[in-house]
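Counting from 1, position 55 in the sequence shown corresponds to residue 54 in this note's numbering; the numbering is continuous, with no gaps. All C-beta atoms, glycine included, are put in the ideal place defined by N, C-alpha and C. Data first, discussion second: the structure below is written as structure tokens.
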Amino acid sequence: AAYALEATLSYPFVIEGNTVKIGVSIGHVQNDGSHNALERADAAMYEAKRSGVGVVRAQPVL
């Protein structure tokens with residue numbers, strides 16, 4: 000799902016006559032019910048940001 004979202008958002012779109020292109024950084028984790036799922040997703044997102052454009056990173060369930 001993360002790759003599909005990134006691919007969809009990578010295309011330019013038009014808002015009120017202006018072409019807009021956005022980039023996303025996605026950190027994906029499986030929510031295993033632990034209290035640190037958000038922290039792991041945040042870490043994955045920042046790893047994706049450091050890795051460049053069009054990167055999706057996932058953190059495994061610990």
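Task: Run of the alpha helix (DSSP H) containing S50, from where it starts to where it stops - done: Counting from one through the sequence shown, the residue named residue 50 turns up at place 51. First-last of the alpha helix (DSSP H) with S50: A36 to S50.
Task: G22 vs R56 beta-carbon contact at 7 Å - done: Residue mapping note: residue 22 aligns to position 23 of the sequence shown, counting from 1. Residue mapping note: residue 56 aligns to position 57 of the sequence shown, counting from 1. No, these two residues do not count as a Cβ contact at 7 Å.
Open item on the list: Quick check on A47: buried or exposed, where buried means 16 or more other Cβ atoms within 10 Å of its Cβ?
Closed with: In the sequence shown, residue 47 corresponds to position 48, counting from 1. So A47 ends up on the buried side.
Task: Close-in-space but distant-in-sequence residues of the same chain around A1 (CB under 8 Å, 5 per side omitted) - done: Taking the sequence shown and counting its residues from 1, the one referred to as residue 1 is at position 2. Cβ within range, chain order: I25, H27, V55 and A57.
- [ ] Give the straight-line distance between the Cα atoms of S33 and G16, rounded to the nearest whole angstrom.
- [x] The count along the sequence shown starts at 1 and reaches residue 33 at position 34. The count along the sequence shown starts at 1 and reaches residue 16 at position 17. So the two alpha carbons sit approximately 45 Å from each other.
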